[in-house]
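Residue numbers (the working numbering): 157 to 283.
We put the beta carbon where it would ideally sit given N, CA and C, even for glycine.
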């Protein structure tokens, strides 16, 4: 399980990430990400740890299923942290199809969502 410094714990942080973050949809979950980097001067400063949050509603399944999915997402998040992901807040929102996904499929989709959310956007793509 990710340590406390790698978890989003406050409701305000969840709301900010979901509302203002870049959203990437998939078959099993929706990934919301907000980068903390502010430019070249922030690269010289100490980096902040990546933080993760998980939203698994009752629509996904019963408590056993929801907790299994949350544990899987936490394991995948831990792997991303060990690979050096920093300066970002990420919230994973599980969709009902997530309940039937294998661990490998879920990991592939979460990684794709994180990498796509972290890609720099061109000005033309912004709304």
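If you check the beta carbons only, do residue 206 and residue 237 fall under 9 Å apart? Taking the chain shown and counting its residues from 1, the one referred to as residue 206 is at position 50. Taking the chain shown and counting its residues from 1, the one referred to as residue 237 is at position 81. Yes, they are a contact pair.
Taking all protein chains shown into account, do 16 or more other C-beta atoms lie within 10 angstroms of the C-beta of residue 222, making it buried, or fewer, making it exposed? Position 66 of the chain shown, counting from 1, holds the residue named residue 222. Buried: at least 16 other Cβ atoms inside 10 Å.
Find out if the Cβ-Cβ distance for the pair residue 170, residue 270 is shorter than 9 Å. Within the chain shown, residue 170 is the residue found at index 14, counting from 1. Within the chain shown, residue 270 is the residue found at index 114, counting from 1. No, the pair does not count as a contact, with Cβ atoms beyond the cut-off.
Kindly indicate which residue of 261, 243, 244 has the alpha-carbon position closest to the one of residue 232. Position 76 of the chain shown, counted from the start, is the residue given in the question as residue 232. For residue 232, the nearest C-alpha among the options comes from 261.
Could you tell me which residues DSSP pairs with residue 191 in its beta bridges? Position 35 of the chain shown holds residue 191. When beta bridges are read from the DSSP output, residue 191 appears opposite 244.
Rank 176, 245, 168, 210 by C-alpha distance to the C-alpha of residue 254 and give the top, closest one. Residue mapping note: residue 254 aligns to position 98 of the chain shown, counting from 1. Cα-wise, what sits closest to residue 254 is 210.
Does the Cβ-Cβ distance between residue 208 and residue 158 come in under 9 Å? Along the chain shown, one-based indexing puts residue 208 at 52. Along the chain shown, one-based indexing puts residue 158 at 2. Cβ atoms of residue 208 and residue 158: closer than 9 Å.
Name the two residues that bound the continuous alpha helix (DSSP H) containing residue 226. Residue numbering aside, residue 226 sits at position 70 when the chain shown is read from its first letter. Taken as a continuous stretch (DSSP letters only), the alpha helix (DSSP H) holding residue 226 covers 219-238.
Contact belief for residue 176 with residue 190 at Cβ below 8 Å, rounded distance in angstroms: Within the chain shown, numbered from 1, the residue matching residue 176 stands at position 20. Within the chain shown, numbered from 1, the residue matching residue 190 stands at position 34. Their Cβ separation, rounded to whole angstroms, is 6 Å, which keeps residue 176 and residue 190 in contact under 8 Å.
Grouping DSSP H, G and I as helix and E and B as strand, with all else coil, what is residue 166? If you number the chain shown from 1, residue 166 lands on position 10. Correct three-state label for residue 166: coil.
Reference residue 268; option with closest CA among 184, 227, 167: For this step, residue 268 is matched to residue 112 along the chain shown. Considering only alpha carbons, the answer is 184.
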